[in-house]
Amino acid sequence: MDSAKELVDRDVAAGRVRATGTHSNNLVRVKRGIELKRALFQLKLAQLQQQRPGGGGVSFDGVVSMAYAAVFARYHDKNVQSTVADSICAIPVKSISDFFATINETDESAAAEMQKYIDAANGIISYIDELFASRGVSADF
1 MDSAKELVDR
11 DVAAGRVRAT
21 GTHSNNLVRV
31 KRGIELKRAL
41 FQLKLAQLQQ
51 QRPGGGGVSF
61 DGVVSMAYAA
71 VFARYHDKNV
81 QSTVADSICA
91 IPVKSISDFF
101 ATINETDESA
111 AAEMQKYIDA
121 ANGIISYIDE
131 LFASRGVSAD
141 F
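For the record, in the sequence shown the residue sitting at position 21 is 21 according to full-length UniProt numbering, with numbers rising by one throughout.
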């Protein structure tokens with residue numbers, strides 16, 4: 001099996017880093033997926049910390065919208081952004097606490113798991129960014 005370095009090197013040599021379907025392009029897409037989930041978890045944690053005990057639930061679709069805007073919106077045209085916004089509005093879970101309840105978690109137990117993901121994601125995202133930067137290529141396309 002080839003390493004990520006070898007796959008990116010091949011695409012760089014062929015001048016096809018940004019081409020759809022290349023390993024480099026797919027790696028960037030995976031990175032963005034990791035970034036989206038990290039942003040979602042960071043926003044959820046921040047809102048959970050601000051939430052008052054016994055207060056109303058935190059808007060789940062609002063947090064998803066903010067995470068999408070932070071990670072993906074700049075790469076999508078207005079039609080895609082509109083479709084995503086419509087899809088987010090259709091999310092059946094309306095609060096973070098309700099979502100946690102559906103997966104048998106509490107705010108506290110979920111917060112610990114989200115923080116673990118954020119910590120791990122930071123290392124993976126940095127590795128991918130450095131992998132591209134060390135070859136004189138940006139992963140921001």
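Idealized CB from N, CA, C, for every residue including glycine.
Item	Value
Own chain, CB closer than 7 Å to Val64, minus 5 neighbours either side, in chain order	Leu40, Ile88, Ile91
Simplified DSSP assignment, three categories, for Ser59	strand
Buried or exposed (CB count within 10 angstroms, at least 16 for buried), Tyr68	buried
Selection from Asp61, Asp77, Ser109 that minimises the alpha carbon distance to Lys94	Asp61
Reference Glu130; option with closest CA among Thr83, Leu27, Arg38	Leu27
Same chain, Cβ closer than 7 Å to Ile128, five either side skipped, listed in chain order	Leu27, Lys31, Ala139
Leu43 to Thr83 span [Cα, whole Å]	22 Å
Beta-carbon separation (whole angstroms), Ser24 vs Asp11, contact threshold 8 Å	4 Å
Supposed contact pair Ile125 and Glu35 - C-beta distance, whole angstroms, cut 8 Å	6 Å
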